[in-house]
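Taking our numbering, the leading residue of the sequence shown gets 175, the next gets one more, and so forth.
Cβ coordinates follow ideal geometry from the N, Cα and C atoms, glycine included.
A quick note: this is a predicted structure, and the numbers were derived from the prediction, not measured.
One structure is given here, and the rest of the page talks about it.
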Amino acid sequence: MKNSSKADLTLGIDIGGTNTVFGIVDDNGDILAKGNIPTTGHPGFTEYIDNLYEAVSIKLRDAGIPYERLAAIGVGAPCINTRTGVIEGAVDLPWESPIPLTDRLTAVFGLPAAGENDANAAALGEMYYGAARGMDNYIMLTLGTGVGSAIICDGRLLRGKRGLAGELGHAIIRHDQQARPCSCGRKGCLETYTSARGVVETAKRLISDTDTPSILRNFDEINAKDIGEAAKNGDPLALATFRITGDILGEACANFTTFSSPEAFIFFGGVAHSFPFFEEAMRRSFNRHLLWVYDGQVSFMRSSLPEADAAILGAAATGRAVAM
Ligand SMILES: [Zn+2]
Numbered sequence: 175m176k177n178s179s180k181a182d183l184t185l186g187i188d189i190g191g192t193n194t195v196f197g198i199v200d201d202n203g204d205i206l207a208k209g210n211i212p213t214t215g216h217p218g219f220t221e222y223i224d225n226l227y228e229a230v231s232i233k234l235r236d237a238g239i240p241y242e243r244l245a246a247i248g249v250g251a252p253c254i255n256t257r258t259g260v261i262e263g264a265v266d267l268p269w270e271s272p273i274p275l276t277d278r279l280t281a282v283f284g285l286p287a288a289g290e291n292d293a294n295a296a297a298l299g300e301m302y303y304g305a306a307r308g309m310d311n312y313i314m315l316t317l318g319t320g321v322g323s324a325i326i327c328d329g330r331l332l333r334g335k336r337g338l339a340g341e342l343g344h345a346i347i348r349h350d351q352q353a354r355p356c357s358c359g360r361k362g363c364l365e366t367y368t369s370a371r372g373v374v375e376t377a378k379r380l381i382s383d384t385d386t387p388s389i390l391r392n393f394d395e396i397n398a399k400d401i402g403e404a405a406k407n408g409d410p411l412a413l414a415t416f417r418i419t420g421d422i423l424g425e426a427c428a429n430f431t432t433f434s435s436p437e438a439f440i441f442f443g444g445v446a447h448s449f450p451f452f453e454e455a456m457r458r459s460f461n462r463h464l465l466w467v468y469d470g471q472v473s474f475m476r477s478s479l480p481e482a483d484a485a486i487l488g489a490a491a492t493g494r495a496v497a498m
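Written out as structure tokens, the structure reads:
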């Protein structure tokens, strides 16, 4: 029997531009209580943290969980320097940078706190609670609005000099004249092909450059979800879109494999919902481009974390990493 006064739980907090969600998480990844507060609308950052403390305290009380059971805080936030816990230059947050996030959390909650950006937090979430349990080498690719990534090598998250290691979404994978312009100011980045926006761009080009029949031709505006839905219904153009996406992903993953020799690539994010539609093309392209010494060593899988709770679990895993 566990002693209920033992500090065995982690508070996971995910700070988004609009909403902040939090959860009290146990070692198995079960969320015992969760809540949220708006990120905006507080007089300042100090009041925001005070209000967050209040909201967490109420949730704990309502769930009958003694505060003493909290061991640490993990927080997922954009543009956070993982070494200092300071947010630097996050344009989507309502406070002026630099924001001393983990120091403030520790001061108010009286607990050790650690922060990671979303992609790294997601990778730690997989390590502690998800598909990567027991795995020491994997690369997580988040295919969302952009492409985020995190590299786990020899059981450790690679951070690099300023905590920016693993920006694989901005690895340049196309150099030709038609290489797509990227939000980073360069051309041909992986993100421009395999993010939600990239997939939409591919579909739009197929619509204008080919005669492939498609329900999507009737849409005024299309998004990645529409293309996924169309693929489910066997739409030829949607399926072709994901074949192209898989082709590019497979080539990129073959390149990434030479760098850290992962045993798996784990896919997360909106576009990963369409995994079954790009998986085959991805594997084929991967095998075609892979250096032979890695043959048969790498698998591809989807994240196993429940999507609605993944941000909280990733944040909690970040806190668990610091508590241990
Ligand atoms: Zn880029």
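Just verifying my parser: in three-state terms, what is the DSSP assignment at P355?
P355: strand per DSSP, three-state reduction.
Does the beta-carbon of H344, which I'm using as the reference point, lie nearer than 7 Å to any heavy atom of ligand 1?
Yes, the Cβ of H344 comes within 7 Å of a heavy atom of ligand 1.
Got a sec, what are the start and stop residues for the beta strand (DSSP E) V199 sits in?
Note, V199: beta strand (DSSP E), N193 to V199.
Taking just the CA atoms, how far does D200 sit from N177?
Unreliable placement is indicated for N177, whose pLDDT of 45 sits below 50; no coordinate value is reported for it.
Let's see if you can read the secondary structure: which residues bound the alpha helix (DSSP H) around G424?
It spans P410 to S434 - the alpha helix (DSSP H) in which G424 sits, taken as one unbroken run.
Flag R360 as yes when its Cβ comes closer than 7 Å to any non-hydrogen atom of ligand 1, and as no otherwise.
Checking every heavy atom of ligand 1 against the Cβ of R360, one is found closer than 7 Å.
Which residues in the same chain as P268 place their Cβ atom closer than 6 Å to its Cβ, once the five residues preceding and following it in sequence are excluded?
T214.
Could you check what DSSP says for L244 in three-state terms: helix, strand or coil?
Here L244 sits in strand by DSSP.
Relative to the C-alpha of D182, which residue among D204, D188 and Y468 is closest?
It is D204.
Taking only the alpha-carbon atoms, compute the straight-line gap between Y312 and I211 and give it to the nearest angstrom.
Each residue's alpha carbon lies about 33 Å from the other.
What residue range does the beta strand (DSSP E) around D188 cover?
Run containing D188: L183 to I189, per the beta strand (DSSP E) assignment.
In whole angstroms, give me the CA-to-CA distance for E122 and K180.
Because the chain spans 175 through 498 in this model, residue 122 falls outside it and cannot be assessed.
Determine the direct distance from the alpha carbon of G248 to that of S434, and round the result to whole angstroms.
Looking at the two C-alpha atoms, the distance is approximately 26 Å.
Could you tell me the boundaries of the alpha helix (DSSP H) in which L234 lies?
Per DSSP, L234 belongs to the alpha helix (DSSP H) from F219 to A237.
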